[in-house]
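Under the working numbering, think of the first position of the sequence shown as 25, with each following residue one higher. Cβ coordinates follow ideal geometry from the N, Cα and C atoms, glycine included. Predicted model only: the values in this text are computed from it and were never measured. Presented below is the structure to which this report refers.
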Amino acid sequence: MKNQSYLLLIILSTILVLSGCSSTSMNYRDIEVPPVEWSPPEFKEFDLPNGIAGLIVEDHEVPLVDFYLSFPSPSDPADKVGLASMTGWALRNGGSVNIPADSLNYLVEFKAASIGVSAGQEQLQVYGFCLKDDLGLLLEIARDLIDNPAYPEDKIEFRRSNMLEGIRRSNDNPRGIGSREIYKLLYPDHPWGRENSTTTVNAISRDDIMNYHNQVFQTEGAVFGVVGDITLEEAKELTSKHFGDFKGGDVAIEPLPKAGEAAKPGIYYAYKDVTQAYVYAGHRTITYDDPRSHAAQIMNYILGSGMQSILSKRIRVDEGLAYGTGSRFSAPVPIEGTFTAFASTRLAEAGRTLGLMNEVISDYAENGPTQEQFDQALKAYVNSYVWKYESSEDMLYRLVYLKWRGLPLDSPQRDLEAYQNLTIEDVKQAAKELLHPDNMIKVVVGDKDQLDQPLESFGEVIELDISTE
């Protein structure tokens, strides 16, 4: 009986505590979060004897090392789009004259390491991951791949067949069609807007690959980065040993051309026999060095980033028109980025969705965010910013990018400070100056005969050729 009394007392006490908690519970919006104080991982710079720039971030927690060797690369010729991608894949998977592909794979796997090559329109990277004691071996392999590439025909043809199959299937994804086509319209006749096709991929020969290889691997603009359980002196010694005498080619790489005018604003339509419509709208914007670029990121965060955004609330929550909707804003280097808004909805609501999207963007461009929207967004954005560089590897990768682009290496800290100093007026001004709802390219993918209203009601309709030839 005595034990039962004690048990009853405990239960009553718990109920009282819980009821007291519920009556004094605090709204999460009222919680005061202290200002973000962030100290990024320290880094050091060094130069190889041949002028290649070096960066190191020491992290001695575990005996592992990552390295990145970055080279500026030329854009693919317009008639051979896919050349960079094919070259990067065939270099790694084709092995070298001294180490055939199968032997290379066995050697790397035996060491529980990895080595890879990625190539795009402006940059080629040779990268690797290994135990500290194996870094010298991986750098030796990387140098051998660069100096003595094999590029066997069977590997080139294997990659070609994979790329052709990917192209053949590219129109299976209506969302991918919309994204692809709007960038082609935003960057017509420019490397950033080009897509490979069966014609361009079939036009690539082994000679093209070798010429590309000989052009891209040179010391001018090259950056070597290493992170992990390694000291500055060790990094200098190993990189000088394996790449200090590297000369490479001396053919000047043409810089990325400036982007010409985007396609004229209007409605662009791609037929696809699907049950939904995929709607995209966008225009060109600014570059990273524009003083409004930080305000523009917060502007877009409020408008279309995540489930709490204005676009999501109006189109998805209030009207139930789309499960997925939002917007993106990019301010890259060295040419102008883009603002794009998107939504997927049922065919019978596509016109209404497109109209509401334009209405929301127009209202936001004119009035900007409320104080509450600004405060919440800025707090969330700043508090999440440091997670971009959560690891030493993330930090090094960013540093290599900044060095390659010729940007200040303290840009992450400068960016954070710029975000912290923003005001609501900065964001309102960015919205007013950088959003152009009446001057957008709009792309609709679906069956226009099934839409709730004619596309012509939004303006002249231009039908897109989405063939992959």
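*Would you call Phe241 buried or exposed, if buried means 16 or more other Cβ atoms sit within 10 Å of its Cβ?*
buried
_From Phe363, Tyr421, Tyr425, residue whose alpha carbon lies closest to that of Leu459_ = Ranking Phe363, Tyr421, Tyr425 by Cα distance to Leu459 puts Phe363 first.
_Tell me the DSSP secondary structure of His460 in three-state form._
coil
*Among the residues of its own chain, which have a CB less than 8 Å from the CB of Ala389, if the five just before and after it don't count?*
Ala455, Lys456, Leu459, His460, Pro461
*Bridge partners of Asp471, per DSSP?*
BP columns for Asp471 are empty, so no partner.
*Could you tell me how far apart the beta carbons of Ile139 and Leu162 are, in whole angstroms, since I believe they sit closer than 8 Å?*
6 Å
*Check the C-beta distance from Ala301 over to Gly470 and give it rounded, since I have them as a contact under 8 Å.*
4 Å
*Any chance you could list the beta strand (DSSP E) runs of at least 3 consecutive residues sitting entirely within the region 280 to 348, in chain order?*
290 to 295, 300 to 308
*If we count the other Cβ atoms within 10 Å of its Cβ and call it buried at 16 or more, is Met187 buried or exposed?*
Answer is buried; the Cβ neighbour count reaches 16.
*asked:* I'd like to know if His307 contacts chain B, where contact means its C-beta is closer than 9 Å to some C-beta of that chain.
replied: In the structure shown, chain B cannot be found, because there is only a single protein chain.
*Report the rounded CA-to-CA distance for Val250 versus Leu93, giving the unit in angstroms.*
9 Å
*Simplified DSSP state of Thr494, which is helix, strand or coil*: The question about residue 494 has no answer here: the residues shown for the chain are numbered 25 through 493.
_Assuming the contact rule is C-beta atoms closer than 8 Å, Met419 and Val81 should be a hit. Round their C-beta distance to whole Å, please._
6 Å
_Distance, Thr369 Cα to Gly202 Cα_ = 13 Å
_Buried or exposed by the 16-neighbour rule on C-beta atoms within 10 Å, applied to Gly272_ = Counting Cβ neighbours within 10 Å, Gly272 comes out buried, since at least 16 surround it.
*Leaving out five residues on either side along the sequence, give the residues of the same chain with a beta carbon under 8 Å from the beta carbon of Ser386.*
Pro461, Asp462
_Closest to Asp359 by C-alpha separation, out of Glu69, Leu210, Ala102, would be which residue?_
Reading the sequence as shown, one finds Ile at residue 359 and not Asp. Here the closest residue by C-alpha is Leu210.
*His284 and Ile206 look like a contact to me (Cβ under 8 Å); what is the Cβ gap, rounded to whole Å?*
According to the sequence shown, residue 284 is Gly rather than His. Taking a contact as a CB-CB distance under 8 Å, the pair Gly284 and Ile206 does not count as one, their CB atoms being some 16 Å apart.
*asked:* Taking 6 Å as the limit between beta carbons, can you name the residues of its chain near Gly375, skipping five residues before and five after?
replied: Leu475, Asp476, Gln477
*asked:* By the three-class DSSP mapping on this structure, what secondary structure does Pro176 have?
replied: coil
*Taking DSSP as the reference, what is the three-state secondary structure of Lys403?*
helix
*Drop a sphere of 10 angstroms on the beta-carbon of Cys45, count the other beta-carbons inside from all chains shown, and report buried for 16 or more, exposed for fewer.*
Bear in mind that a pLDDT of 47 at Cys45, under 50, signals an unreliable position, so the number given afterwards is only what the model happens to contain. By the neighbour-count rule (16 or more Cβ atoms within 10 Å), Cys45 is not buried but exposed.
_Pick from Gly118, Asn195, Gly483, Asp168 that is closest to Ile180, judged by C-alpha positions_ = Gly118
*Which residue comes first and which comes last in the beta strand (DSSP E) that contains Val251?*
Looking at the DSSP string, the run of the beta strand (DSSP E) that includes Val251 is 247 to 252.
*Where are the alpha helix (DSSP H) runs, 4 residues long or more, that stay fully inside the region 163 to 242, in chain order?*
177 to 193, 198 to 210, 222 to 226, 230 to 240
*Going by alpha carbons, who is nearest to Ala174 out of Lys135, Asp231, Gln397, Ala102?*
Asp231
*Closest to Phe398 by CA distance: which of Ile277, Met323, Leu280 is it?*
Met323
*Helix, strand or coil: which one does DSSP assign to Phe153?*
strand
*Is it a yes or a no for the region 410 to 430 touching the region 62 to 74, going by three-plus beta-carbon pairs under 8 Å?*
yes
*asked:* For Ala372 and Leu378, what's the separation of their Cα atoms in angstroms?
replied: Those two C-alpha atoms are separated by around 12 Å.
*Do you know offhand how far Ile170's Cα is from Glu164's?*
10 Å
_First through last residue of the beta strand (DSSP E) which encompasses Glu92_ = Before going on, a small fix: residue 92 reads as Tyr here, not Glu. It spans 88 to 96 - the beta strand (DSSP E) in which Tyr92 sits, taken as one unbroken run.
*Taking Cβ to Cβ, would you say Arg316 is nearer than 9 Å to Asp439?*
no
*Check Leu40 in the structure and name its three-state DSSP category.*
Residue placement at Leu40 is poorly supported in this model, since its pLDDT is 42, which falls under 50; the coordinates are not used for a value here.
*Beta-carbon spacing of Ile486, Tyr325 below 9 Å*: no
_Runs of 3 residues minimum, wholly inside the region 96 to 144: which ones carry the beta strand (DSSP E) assignment?_
DSSP runs (the beta strand (DSSP E)) wholly in the region 96 to 144: 138 to 143.
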